[in-house]
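Participant: Once you've had a glance at the structure underneath, I'll fire off some questions.
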Amino acid sequence: MSTGLSIGDLEPSVAYRESRKVDTPEADAVFLSGTNWRTIDVIEELETDLKKPVFTVNQVTPIASGWATLCKLGIAPKPGFGSVFSYLLP
């Protein structure tokens, strides 16, 4: 890749494959960094196959900056975007 943006040219299957390569039994979760990396299409499949949560920078950033606000606004969990979006705070 010539730039950080080039990661967006990769197929989501690359994110899946690379995540499987770096996963270890000791890891509690997998974190995928790179805001332009096309990971959304493989998050649920990875979580199913790895049997652990998979987090991406695009998921974690909104959570860190306002998940409680989303809950207060009544925004419901979103299926299809990994386990991190399937939970709401009380």
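Take 9 as the starting number for the sequence shown in the numbering used here and just add one per residue. All residues carry an ideal CB built from backbone N, CA and C; glycine is no exception.
1) Out of Val-38, Thr-77, Glu-34 and Pro-33, which one is the CA nearest neighbour of Ala-23?
2) So for Leu-54, helix, strand or coil by DSSP?
3) Using only alpha-carbon positions, find the residue among Lys-80, Asn-66, Ser-14 and Thr-43 that is nearest to Gly-90.
4) Do the CB positions of Pro-61 and Glu-53 come within less than 8 Å of each other?
5) Tell me whether Thr-43 sits in a helix, a strand or coil according to DSSP, three-state version.
Facilitator: Inspection of the coordinates gives the following:
1) Val-38
2) helix
3) Asn-66
4) no
5) coil
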